[in-house]
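Below: the structure, in structure tokens.
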Amino acid sequence: MKIKLRSRYWLCIFSFIGAFLISLSPAPSYAHWADLSVAEITVEKAQTEIILTFPTVLVISADDNQNGQISTNEIANHKIALEKLLSSRIRLVNQKEQEGEISIAPSNNLPSNIQSNDKTHTTLELNYTWSEPVDGLKIDYNFFLPNVPTAHCLATVIQEGRTQNLVFTPEKREFSLTNSSLWQQVVSFVLLGIEHILTGYDHVLFLISLLMLGGGFSYLLKVVTAFTIAHSVTLSLAVLNIVSLPVIFVESAIALTIVYVALENFWRKNTRGRWLLTFVFGLIHGMGFAGVLREINISQSNLFVSLASFNIGVEIGQIFIVSIAFLAFRALRKQPWELTFRRLVSAGVVAIGLFWFVQRAFGLFG
Numbered sequence: 182m183k184i185k186l187r188s189r190y191w192l193c194i195f196s197f198i199g200a201f202l203i204s205l206s207p208a209p210s211y212a213h214w215a216d217l218s219v220a221e222i223t224v225e226k227a228q229t230e231i232i233l234t235f236p237t238v239l240v241i242s243a244d245d246n247q248n249g250q251i252s253t254n255e256i257a258n259h260k261i262a263l264e265k266l267l268s269s270r271i272r273l274v275n276q277k278e279q280e281g282e283i284s285i286a287p288s289n290n291l292p293s294n295i296q297s298n299d300k301t302h303t304t305l306e307l308n309y310t311w312s313e314p315v316d317g318l319k320i321d322y323n324f325f326l327p328n329v330p331t332a333h334c335l336a337t338v339i340q341e342g343r344t345q346n347l348v349f350t351p352e353k354r355e356f357s358l359t360n361s362s363l364w365q366q367v368v369s370f371v372l373l374g375i376e377h378i379l380t381g382y383d384h385v386l387f388l389i390s391l392l393m394l395g396g397g398f399s400y401l402l403k404v405v406t407a408f409t410i411a412h413s414v415t416l417s418l419a420v421l422n423i424v425s426l427p428v429i430f431v432e433s434a435i436a437l438t439i440v441y442v443a444l445e446n447f448w449r450k451n452t453r454g455r456w457l458l459t460f461v462f463g464l465i466h467g468m469g470f471a472g473v474l475r476e477i478n479i480s481q482s483n484l485f486v487s488l489a490s491f492n493i494g495v496e497i498g499q500i501f502i503v504s505i506a507f508l509a510f511r512a513l514r515k516q517p518w519e520l521t522f523r524r525l526v527s528a529g530v531v532a533i534g535l536f537w538f539v540q541r542a543f544g545l546f547g
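Heads up: the sequence shown begins at 182 in my numbering, then just goes up one per residue.
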């Protein structure tokens, strides 16, 4: 019996070390600006202006001094090549299928939330013009980092006093800018919410750790409800700028919630009252969810639609994750190796969570 117990603990230690080594991979542990672009699109009668902030690596050939920024002189030196590239990647077409004639210019209008990333991104002013007024205008945005599924552009469209927010992704590139509907905004933010939680590995590990001890359907319902209410509250408060915490604090705290829940799986005997812990930690995760929405200027008229749509997307992704985890852990019940497996997974999650905490709090392993 002692030999079996010792072997289990050694397995946990090896799992811990293995997960730690895996987490040292260069893949980022949480969402950041690396693959994100932001656009403010102003539509007028015969002209459309786009102030675009994008990863400089997309135009690396124009970065002569390799400082992560395209300067005014570099724009002038590479103007023709840049206009050719951007016109092929960001196409604006009117009702007669005529593409707008593009001209580019430097812009100093860096978004406030990218000031600390001004060595990785560049802001340009793109002007598209037509010889006659535009009645119908469509955009095909295909200016993304290649082979990066999380790449997206958050856009604010302004036209005749109306504001619309859209999300461009490699899978969803085309939108109508003039004959737009509320539905296309809803769909784009639902998809953004789904993507945000499915690619937010910290949130995924948190949810999986909560289900590690098993529990019936009532426990699952309590956990999902508590997490949903909690992150919805702080998500809304953060986007409304009622509550604001430093990103480094929020992301570090999220990592610690993962560590605690995974560690708790070693000594907790049942799931009674765990939904309360889920609610408290869910408040912290909600602040993390808000980060992506704070990258764009969502108008008050569209705020409820954008928030609600994004939250629905998060819930869809969450239901998908917990359903698979719940069914998988139920299938493990009464297996002779169930306890060992749960401890192995929990030990691995602790290792990854600790690594993320050190990385986020102290900027190590970057």
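Glycine included, each C-beta is placed from N, C-alpha and C at the ideal position.
Across the set V240, T229, N254, I256, the C-alpha of T229 shows the shortest separation from the C-alpha of E280.
If only complete runs of 3 or more residues are kept, the stretch 228-275 shows the beta strand (DSSP E) at 228-236, 271-274, in order along the chain. Contact between the stretch 232-242 and the stretch 355-366 is absent: fewer than three C-beta pairs spanning the two stretches fall below 8 Å. For Q345, the enclosing beta strand (DSSP E) begins and ends at 343-349. Beta-bridge analysis with DSSP links P287 to L305.
Going by C-alpha positions, I493 is about 26 Å away from D321.
Linking L335 to Q499 through their CA atoms gives a straight-line distance of about 22 Å. Of the candidates H384, A443, N483, A443 places its Cα closest to the Cα of F522. By the beta-carbon neighbour count (other beta carbons within 10 angstroms, threshold 16), W518 is exposed. In this structure, E306 places its C-beta atom within 8 Å of the C-beta atom of S288.
Checking the DSSP bridge columns, you'll see S413 has no partner listed. Q340 has V224, R343 as its beta-bridge partners, per DSSP. Closest option to T310, judged by alpha-carbon separation, among I231, V526, I378: I231. Counting the other CB atoms within 10 Å of its CB gives G381 a total of 16 or more, which places it among the buried residues. The beta carbons of G469 and E432 sit about 7 Å from each other, so the pair counts as a contact at 8 Å. Residue D383 holds the alpha-carbon nearest to the alpha-carbon of A532 among A506, R475, R514, D383.
Straight-line measurement puts the Cα of V385 at about 42 Å from the Cα of N275. One thing to note: S390 has its Cβ within 8 Å of the Cβ of V530. Counting C-beta pairs with one atom in each stretch, the stretch 387-403 and the stretch 501-521 have three or more that are closer than 8 Å, which means they touch. The stretch 426-461 is shown to contain whole alpha helix (DSSP H) runs of 4 or more residues at 428-448, in chain order. Distance from the CA atom of D245 to the CA atom of A262, rounded to whole angstroms, is 14 Å. Counting only residues of its own chain and dropping the five nearest sequence neighbours on each side, L388 has a CB closer than 6 Å to the CB of I502, V503. Buried is the label assigned to R455, since at least 16 other Cβ atoms lie within 10 Å of its Cβ. Ranked by how close their Cα comes to the Cα of W537, the residues L464, R511, T331, I429 have I429 in first place.
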